[in-house]
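Chemist: Quick note on full-length UniProt numbering: the sequence shown kicks off at 1 and runs consecutively.
A single structure is presented below for examination.
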Amino acid sequence: MTFFNHYSAQDTLKTNHQKKYGLALSGGGAKGFAHIGLLNAIDSLQIKIDYITGTSMGGILGGLYAMGYTGKDLKSTIYEMNWDRILSNKIPYQKVNIEEKDEYDKYVIEFPIVRGIPTLPSSLIEGQYMGEVLNSLTFSAKHINDFSKLQIPVELTSSDIVNGGLIMQKKGSLPLAIRSTLAIPAAFSPVYIDGKLLVDGGLDRNFPVKEVKDMGADFVIGGYTGFRLFTKEEIENPLKMIYQTHAIRSVEDFKVQGKDTDVLVNFVTPLEDITTKDFKKYKKIIKIGEEETKKILPELVKVAEEQRRLGVVYDHKMLQEVKKPTVEIRYFNEDGTAIASEQEIESIKNLMNLETGTYHDAKTVNQSIDYVFGTRLYDKVYYTYTNSDSGLIMNVFVKKAKAGRFKLAPHYDNEQSVGIIVNYTYRDLLFTKSRLVATIDIAEKFKARLNLQKFIDRKNRVFISAETKYTSTNSNDIFFRLIGETAQGNAVIFPDYKYSNFMGGIGINYKISSGSAIGIGAEHNSELLKNSLNDIAKSLLEDYDPKLFSHSNQFLYLKYIQNSLNTRYYSKSGNHLHIGVRTYFNNHYNTYDLNKTQPGLDLYLNPEHDFYTMPEALTAIFINENFAWPVSKQLSLKFNGYLGRHFSSNKIPDENIPYIFLNQKFYTGGSEFNDDGMNPEFEGFRQKELPVNSIAKLGFAAQYNPFGKFYLTPSLSYGRISAELSGFDDGNSQNVFGYGINLGYFSVAGPINFSVSKNNLIDIWRYYFSIGFKF
């Protein structure tokens with residue numbers, strides 16, 4: 001319907017106070033970005049809009065435009081958004097509370113547990129970060145609970161998914177109303193407002209022209225980015241068939257709404273190759289929107305001219321924030337019911353740490369919400385404001401996460417084995433404010449971990465951690481390999497060794513901040529070294545016994561951990577600092593008569609040889625600092641500094657070497673970051689290949705992200721290692737350096753790494769390949 005059909009003599013007689021102009025923007029998911037072209041044209045021609053209605057993406061843009069944002073502002077906002085984060089349920093790694101970082105972002109698949117059975121989530125995206133973005137963008141309107149009081153009156157469509165029917169959002173929280181109109185069923189979680197469970201208004205009215213006319217608009221400008229009907233051939237695809245069943249109703253409704261639109265930009269045909277989920281194609285979609293809007297520019301020019309003739313004044317400007325104090329904070333479940341547990345309220349209140357009677361800016365409020373969400377106790381945490389005579393009432397809503405979660409992660413690396421990590425996490429199973437984690441690695445090299453954390457104070461600062469862990473790996477110890485080549489006489493046997501470790505410990509920790517904690521505790525540790533030979537090799541040995549060496553001890557520890565890295569893998573900013581002190585005691589060992597079967601290993605492992613002296617009251621201290629500094633969007637410089645030393649109460653004679661058991665050594669090597677404080681990574685060596693008694697190391701890397709999720713990282717490591725406990729200036733110390741380059745890619749299955757490296761001690765190139773997350 002053209003511009004000229006709707007102008008009449010009666011129209012020209014209307015005054016500025018009589019004739020009102022409405023703007024209706026449809027839904028369409030990512031396709032709705034095309035509305036930016038229309039909004040830019042309205043601004044450039046200075047067309048005054050009196051009323052706005054919007055659905056889904058049209059609701060977002062319409063709601064923000066009603067506050068005073070211009071089309072140019074909205075275009076810049078869309079360009080700056082982190083769409084990967086918006087379209088996921090993940091909180092950034094640096095915002096995860098320190099007690100949760102050990103289990104965060106380590107699994108490919110996660111399923112909530114309902115009545116003991118893994119189930120599919122009710123929706124793909126909870127929209128936590130989207131809510132944060134919307135709250136920030138609308139913060140200056142937080143004191144407005146009647147949308148007719150905005151710079152331009154606006155109404156947003158929603159659909160009641162329980163009872164059915166169109167709900168027009170006219171009052172309440174603007175960001176929450178916007179969030180509800182965007183809640184595409186099964187993609188985004190529904191939103192509770194006034195006791196109703198609401199989803200995308202496109203189910204009932206995708207193009208709300210009637211609604212803007214009901215508001216009082218005499219003349220309607222509309223942008224439509226909605227559905228098209230597939231052809232007979234296209235609907236042979238079953239997914240498109242499902243889409244078509246919903247599209248038919250919407251297309252028929254558009255025909256009716258379109259007839260009541262005076263100036264219409266129909267973006268459907270030029271966007272037919274774009275899907276509702278193509279959010280990352282925002283540049284292309286906005287460009288199409290700008291080009292299509294040019295086609296109806298003459299009609300918009302006539303509207304602008306008509307407004308000038310009628311004396312209509314364009315006064316589009318940004319709503320100014322009224323800095324009112326927060327006088328009260330209330331706490332609710334997502335469905336609007338008050339939280340019954342005073343303990344839970346106190347916990348949330350302590351985490352947020354917001355004082356009443358004072359003004360809080362958007363950054364402060366969002367940060368406080370992140371602290372609560374970072375506990376991982378909730379799938380969603382958000383807030384609204386209610387205006388009052390004395391200030392603002394803040395309403396905090398939480399959606400509790402399912403108590404149990406079932407997780408999976410496949411993995412492979414060429415130094416160990418292929419396997420599947422299976423995890424079961426359950427909260428408050430044995431105690432309130434607790435987390436139980438059970439993990440096994442179903443692989444040739446079996447691993448298992450059972451961990452229990454329990455907060456014991458009212459402010460969730462002090463927590464007990466009890467853990468037992470078993471690991472079985474191929475030993476990469478360089479001395480085993482060197483000794484093994486000569487220990488079997490004339491037999492051509494190059495044995496591999498299997499190293500198993502069992503630990504059990506308990507500690508008490510104090511969370512200094514959301515990203516740091518200090519802890520003390522005690523641990524028992526048992527280790528076993530075994531031959532890992534094939535049947536042919538076994539037949540060549542006399543008196544074959546797979547057991548070679550076993551040892552157990554206990555230690556007391558003190559540790560400090562601080563972690564602000566922005567991601568677990570391929571971090572671009574932040575740091576990870578781990579400081580630890582361990583005091584060992586109660587050593588028990590068995591060499592299984594190695595002096596007869598494998599004398600070379602006996603010489604290496606047996607502390608009773610004359611050239612060894614056993615340190616007494618042995619204490620290990622290590623400092624491990626990893627730092628990432630972003631030079632640009634694509635380039636980050638990384639630094640690693642490590643210092644590991646031992647101290648003893650007795651003096652080791654100059655002619656002797658201090659004997660350190662395997663689980664007390666600093667096992668060095670590997671190109672991937674290792675958060676175990678006793679095992680620093682070092683380019684040019686295999687994982688945990690180089691055992692040393694003391695080490696000082698510096699590492700440098702330049703991580704380049706050329707495009708997408710690919711990372712190219714050349715790196716260099718230099719260290720001074722020693723067989724002594726704490727000295728580097730004696731005859732038993734030497735320099736070591738390594739260098740290499742790593743190609744990484746963060747895939748849906750986890751990080752993929754391929755590295756080539758070399759060191760100055762072993763004149764061969766090392767190749768490492770891995771897929772997936774680590775145990």
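We treat Cβ as the ideally placed atom computed from N, Cα and C, and that holds for glycine.
1. Are the beta-carbon atoms belonging to residue 565 and residue 128 less than 8 Å from one another?
2. Using DSSP with H/G/I as helix, E/B as strand and the rest coil, what is residue 468?
3. So the alpha helix (DSSP H) residue 35 belongs to, where does it begin and stop?
4. In whole angstroms, give me the CA-to-CA distance for residue 395 and residue 738.
5. Report, in whole angstroms, the separation of the C-beta atoms of residue 225 and residue 32, which I expect to be a contact under 8 Å.
6. For residue 204, which residues from the same chain have a beta carbon less than 6 Å from its beta carbon, with the 5 sequence-adjacent residues on both sides left out?
7. Since I believe residue 111 is in contact with residue 405 (beta carbons under 8 Å), could you give me their beta-carbon distance rounded to a whole number of angstroms?
8. For the 8 Å Cβ check, are there 3 or more pairs between the segment 370 to 384 and the segment 338 to 353?
9. What three-state label does DSSP hand residue 211 in the structure shown?
10. Can you check which of these residues, 709, 749, 643, is closest to residue 570 by C-alpha distance?
11. Within 10 angstroms of the Cβ of residue 262, are there 16 or more other Cβ atoms? Answer buried if so, exposed if not.
12. Would you call residue 215 buried or exposed, if buried means 16 or more other Cβ atoms sit within 10 Å of its Cβ?
13. Does DSSP put residue 773 in a helix, in a strand, or in coil?
14. Take residue 444 and list the residues in its own chain whose beta-carbon comes closer than 6 Å to its own, dropping the five residues that flank it on each side.
15. Residue 452 to residue 250, Cα distance in whole Å?
16. With DSSP run on the structure shown, which of helix, strand or coil describes residue 629?
17. Is DSSP giving residue 603 helix, strand or coil here?
18. For the segment 181 to 194 against the segment 74 to 83, are there 3 or more C-beta pairs whose distance is under 8 Å?
19. Which residues in the same chain have their Cβ closer than 6 Å to the Cβ of residue 126, if we skip the five residues on either side of it in sequence?
20. So, with DSSP's three-state summary, where would you put residue 75?
21. Mind listing, in chain order, the continuous alpha helix (DSSP H) runs of no fewer than 4 residues lying wholly within the segment 359 to 426?
22. Inspect the beta-carbon positions of residue 62 and residue 40 and report whether they are closer than 8 Å.
23. Measure the alpha-carbon distance for residue 44 versus residue 181 and round it to whole angstroms.
24. Going by beta-carbon coordinates alone, are residue 560 and residue 518 separated by less than 8 Å?
25. Say yes only if the C-beta of residue 389 is nearer than 7 Å to one or more non-hydrogen atoms of the ligand HEM, and no if none qualify.
26. I need the straight-line Cα distance from residue 487 to residue 608, nearest angstrom please.
27. Could you tell me which of 619, 551, 604 sits nearest to residue 582, measuring between CA atoms?
28. If contact is defined by three or more beta carbon pairs under 8 Å, each pair taking one atom from either stretch, is the segment 671 to 686 in contact with the segment 626 to 646?
29. Would you check if the distance between the CB atom of residue 684 and the CB atom of residue 568 is smaller than 8 Å?
30. Does DSSP put residue 99 in a helix, in a strand, or in coil?
31. Relative to the C-alpha of residue 601, which residue among 643, 547, 632 is closest?
32. When you compare the CB positions of residue 97 and residue 375, do they come within less than 8 Å of one another, or not?
33. What does DSSP give as the partner residues of residue 454 in its beta bridges?
34. How is residue 25 classed by DSSP in three states: helix, strand or coil?
35. Skipping 5 residues on each side, what residues in its chain have a beta carbon closer than 6 Å to that of residue 21?
36. Mapping DSSP to helix, strand and coil, what is residue 579?
Modeler: The answer reads as follows:
1. no
2. strand
3. 35 to 44
4. 56 Å
5. 5 Å
6. 159, 166
7. 7 Å
8. yes
9. helix
10. 709
11. buried
12. buried
13. coil
14. 417
15. 52 Å
16. strand
17. helix
18. no
19. 89, 189, 379, 380
20. helix
21. 362 to 373
22. no
23. 28 Å
24. yes
25. Annotation note on the ligand HEM: not contained in the displayed structure, which lists no ligands.
26. Because the pLDDT of residue 487 is 45, which lies under 50, any placement of that residue in the model is unreliable, and the question is left without a value.
27. 619
28. yes
29. no
30. helix
31. 547
32. yes
33. 434, 464
34. strand
35. 49, 50, 219
36. strand
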